[in-house]
Amino acid sequence: MSLKIKNYYVAKTIDECLEILQSHEGRARVIAGGTDLVLDLKNKKKETDVLVDITRIAALRELRYDDPYVYVGAAVTHAEIAKSPIIQKYAPLLSKACGMMGSPQIRNIATIGGNIVNAMPAADGALALCTMGAEVQIWSKREARWEKIEDLYLGVGRSKVNPTNELVTKIRFRPLGGKTGFSYQRLARRKALSLPIVNVAAIVQLDPLCTTFERVSIFIAPVSPVPLRARELENKLCGMAASETSIKQASAIVREIVNPRDSLRGSAAYKREMAKVLVQRALTEALRVAKNRCKDEKPRNITTRHS
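To convert, take the position in the sequence shown, counting from 1, and add 236; that gives the numbering used here.
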């Protein structure tokens with residue numbers, strides 16, 4: 237089925253993009269990678285005859301560290317994020333998640349901004365960003381504002397971002413600190429192209445002595461209409477001994493907090509059980525990473541001999 241596009245604009249600036257969106261009074265849609273939008277248009281899930289290409293807007297292509305934040309432009313692709321030395325250094329969780337999304341061909345085209353705005357609960361990059369407490373900058377003709385990514389979701393495929401008059405321009409987040417570990421787990425029928433049956437992103441931060449969990453952030457998908465933050469599990473782990481025993485005890489609650497549906501990829505019961513397994517696996521790996529960082533931070537004993 238061919239697309240019936242009457243006008244295709246290539247915006248050079250954010251202001252130009254917003255002007256075009258406003259002039260078409262809700263009919264225009266932004267396109268970057270287009271990996272989801274084109275399919276939705278072909279399948280009549282979305283309708284438009286006006287597209288605004290944002291891939292030539294330089295401001296949306298940035299990727300930099302400017303203390304205290306890492307900034308990633310909305311038009312940066314998953315492949316660029318996965319391979320970026322900046323992301324690998326300051327946000328290895330995001331690098332891993334983006335490197336597992338789709339196939340190499342899709343990663344080379346699909347942008348992180350689209351991953352967020354499409355609001356699919358199992359989106360790999362967006363799930364990692366939620367776990368990191370990342371924010372997005374959203375521009376309209378009236379204002380530019382920052383919002384936490386986890387707060388944008390209204391339901392499956394529904395976002396607070398209005399695609400007819402707003403534009404996500406960039407993402408920001410703080411680098412992972414010391415004594416912090418991370419993990420990204422993904423269960424799918426095959427390594428490439430398959431949507432995840434369950435995916436989990438986790439970050440743990442240990443106390444100064446590296447003996448207890450001080451902060452935990454964990455998101456699970458797709459087990460609800462939006463990425464599920466496991467707050468009960470986070471609260472339960474905080475203050476517990478930093479051990480696999482604590483993780484095993486606390487993870488039992490996962491079966492109660494997830495609410496998956498039966499689908500072609502698996503029954504609700506199977507997804508519920510695998511969510512528990514992947515959460516436990518993610519937390520165990522994150523703890524191992526955190527403890528290794530603790531070892532790296534410990535000062536070495538220096539002995540000076542006097543003759």
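Built from N, CA and C at the ideal position, the CB exists for glycine as well.
Residue i vs residue j beta-carbon contact at 8 Å
i: Asn-435; j: Leu-388; result: no
i: Ala-526; j: Val-440; result: yes
i: Glu-470; j: Val-452; result: yes
i: Lys-512; j: Ser-487; result: yes
i: Gly-393; j: Ala-346; result: no
i: Cys-530; j: Cys-474; result: no
i: Phe-184; j: Arg-465; result: Residue 184 is absent from the model: the chain starts at 237 and stops at 543.
i: Leu-299; j: Val-308; result: yes
i: Arg-297; j: Thr-284; result: no
i: Leu-442; j: Ala-478; result: yes
i: Ile-267; j: Leu-273; result: yes
i: Met-356; j: Leu-423; result: no
i: Arg-497; j: Ala-504; result: yes
Same chain only: Cβ atoms within 8 Å of residue i, ignoring 5 sequence neighbours per side
i: Glu-533; result: Gly-414 and Lys-415
i: Glu-480; result: Thr-520 and Leu-523
i: Gly-361; result: His-314, Ile-317, Leu-330, Ala-333, Cys-334, Met-337, Ile-348, Asn-351 and Ile-352
i: Leu-322; result: Before going further, note that residue 322 is Ile rather than Leu in the sequence given. Result list for Ile-322: Leu-299, Arg-300, Tyr-301 and Val-306, in chain order.
i: Ala-380; result: Gln-373, Ile-374 and Thr-405
i: Pro-444; result: Lys-415
i: Gly-391; result: Ala-355, Pro-461 and Val-462
i: Gln-324; result: Ser-331
i: Ile-250; result: Ile-293, Ala-295, Leu-296, Trp-375, Leu-403 and Thr-405
Proximal residues to residue i (C-beta, below 6 Å), its chain only, five neighbours per side dropped
i: Leu-460; result: Strictly speaking, residue 460 in this sequence is Ser, with Leu absent from that position. Answer for Ser-460: Asn-495, listed in chain order.
i: Glu-252; result: none
i: Tyr-245; result: Ile-256 and Val-288
i: Leu-254; result: Lys-377
i: Trp-572; result: Past the edges of the chain, shown from 237 to 543, lies residue 572, and the structure says nothing about it.
i: Met-476; result: Phe-449 and Ser-482
i: Arg-292; result: Val-246 and Lys-248
i: Leu-412; result: none
i: Gln-421; result: Val-436, Leu-514, Arg-517 and Ala-518
i: Ser-419; result: Ala-438, Ala-518, Glu-521 and Ala-522
Residue i, enclosing alpha helix (DSSP H) - first and last residue
i: Arg-265; result: Taken as a continuous stretch (DSSP letters only), Arg-265 belongs to no alpha helix (DSSP H), being part of the beta strand (DSSP E) at 264-267.
i: Ile-348; result: 348-353
i: Lys-472; result: 467-473
i: Ser-331; result: 328-336
i: Lys-384; result: Taken as a continuous stretch (DSSP letters only), Lys-384 belongs to no alpha helix (DSSP H), being part of the beta strand (DSSP E) at 380-384.
i: Glu-283; result: Counting along the chain, Glu-283 falls outside any alpha helix (DSSP H), and DSSP gives it neither H nor E.
i: Val-490; result: 490-493
i: Pro-340; result: 340-343
Given residue i as reference, the closest of the options once Cα atoms are compared
i: Ile-256; options: Ile-290, Leu-514 and Pro-458; result: Ile-290
i: Ile-483; options: Arg-517, Pro-458, Lys-531 and Leu-423; result: Arg-517
i: Ser-259; options: Asn-243, Ile-267, Gly-417 and Thr-271; result: Asn-243
i: Ala-370; options: Arg-410, Glu-402 and Asn-344; result: Arg-410
i: Met-368; options: Glu-379, Ala-355 and Lys-384; result: Lys-384
i: Gly-502; options: Ala-294, Pro-340 and Arg-425; result: Arg-425
i: Lys-248; options: Ile-241, Val-288, Asp-276 and Arg-263; result: Val-288
i: Ala-294; options: Ala-311, Glu-261 and Pro-304; result: Ala-311
i: Thr-271; options: Pro-328, Asn-354, Ala-327 and Ile-250; result: Asn-354
i: Gly-417; options: Ile-407, Ala-327 and Glu-261; result: Ala-327
i: Pro-304; options: Lys-240, Gln-485, Ser-339 and Arg-408; result: Arg-408
i: Lys-282; options: Leu-239, Tyr-420 and Ile-493; result: Leu-239
Beta-carbon contacts of residue i that lie in its chain and below 7 Å, excluding the five residues immediately before and after
i: Ala-358; result: Leu-431, Pro-432, Asn-435, Ala-457 and Pro-458
i: Asn-528; result: none
i: Asn-344; result: Thr-313 and Ala-315
i: Glu-386; result: Cys-366, Pro-463 and Arg-465
i: Ile-342; result: Thr-271
i: Glu-261; result: none
Chain C within 8 Å of residue i, Cβ atoms only
i: Lys-332; result: Any reference to chain C falls outside this structure, which holds one protein chain only.
Limits of the unbroken beta strand (DSSP E) element including residue i
i: Glu-480; result: Run containing Glu-480: none in the beta strand (DSSP E); it sits in the alpha helix (DSSP H), 480-487.
i: Asp-289; result: 286-289
i: Arg-524; result: Looking at the DSSP string, Arg-524 is not in any beta strand (DSSP E); the run it does join, the alpha helix (DSSP H), is 504-533.
i: Leu-299; result: 299-302
i: Leu-423; result: 416-423
i: Lys-406; result: 403-409
i: Leu-390; result: 389-391
i: Arg-501; result: Taken as a continuous stretch (DSSP letters only), Arg-501 belongs to no beta strand (DSSP E), as it is neither H nor E.
i: Gly-309; result: 305-309
i: Ala-457; result: 449-457
i: Ile-439; result: 434-442
i: Val-372; result: 371-375
i: Val-246; result: 243-246
Closer than 7 Å: residue i CB and nearest the ligand HEM heavy atom
i: Lys-527; result: No copy of the ligand HEM occurs in the structure displayed, which carries no ligand at all.
With three or more C-beta pairs closer than 8 Å as the rule, is the stretch 393-405 touching the stretch 464-478? Of all C-beta pairs linking the stretch 464-478 to the stretch 393-405, fewer than three are shorter than 8 Å, placing the two stretches out of contact.
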